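Per the numbering used here, the sequence shown starts with residue 1120, numbered consecutively.
Even for Gly, the Cβ is constructed at its ideal location relative to N, Cα and C.
Predicted model only: the values in this text are computed from it and were never measured.
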Amino acid sequence: MTITTNSPQETEKFGIKLSQKLTGGDILLLSGDLGAGKTALVKGIAKGLGIQNEITSPTFTLMNIYDIKDKKRKIETMVHIDTYRLLGKRQHCLPCRMARKNYKYIKEQSS
Ligand SMILES: Nc1ncnc2c1ncn2[C@@H]1O[C@H](COP(=O)(O)OP(=O)(O)OP(=O)(O)O)[C@@H](O)[C@H]1O
Ligand SMILES: [Mg+2]
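Put into structure tokens, the structure is as follows:
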């Protein structure tokens, strides 16, 4: 399936929609060049999950964890991992193994 967005706002909106499909334990793999819009998508997903923190790329932290404070929601946490520095180097890296197995895989393309 291909979904085309023409602005960061549209990408975010799609992220909100996508968040409604998540049930907990979902792993989404985002692949795209620097500036492709991965974080824009994650911003939308976070918004849709009720996360109010500002979302930034975990480029240097490798991983950002956001608690979802709304107890009525089934999902309690969103973990945002950047595997850029792990790919190819640590073959035991779980997200890398899943990428190879083609789990829910979203490929972003720069326009
Ligand atoms: N359709 C679009 N969707 C998302 N971002 C877009 C789009 N069109 C243009 N942009 C611009 O592209 C940039 C996307 O940045 P973003 O931080 O989301 O990318 P990224 O893939 O997370 O990059 P990095 O790998 O460096 O973390 C923003 O500056 C945004 O304004
Ligand atoms: Mg990013």
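Taken from the Cβ of Asn1183, every heavy atom of ligand 1 lies 7 Å or farther away. Per the coordinates, the alpha-carbon of Asn1125 lies some 33 Å from the alpha-carbon of Lys1191. Sequence-distant Cβ neighbours of Ile1194 in its own chain, meaning closer than 8 Å and more than five residues away, are Leu1141, Thr1142, Gly1143, Leu1168 and Ile1187. In the DSSP annotation of this structure, the continuous segment of the alpha helix (DSSP H) that includes Leu1137 starts and ends at Pro1127 to Ser1138. Thr1130 and Gly1156 have their C-alpha atoms spaced approximately 8 Å apart.
Here Lys1162 is buried, its C-beta having at least 16 other C-beta atoms within 10 Å. Here Thr1158 is near Ser1176, since their CB atoms are less than 8 Å apart. If you ignore the 5 residues before and after Leu1160, its C-beta comes within less than 8 Å of the C-beta of Thr1130, Glu1131, Phe1133, Gly1134, Leu1137, Leu1149, Ile1225 and Glu1227, all in its own chain and listed in chain order.
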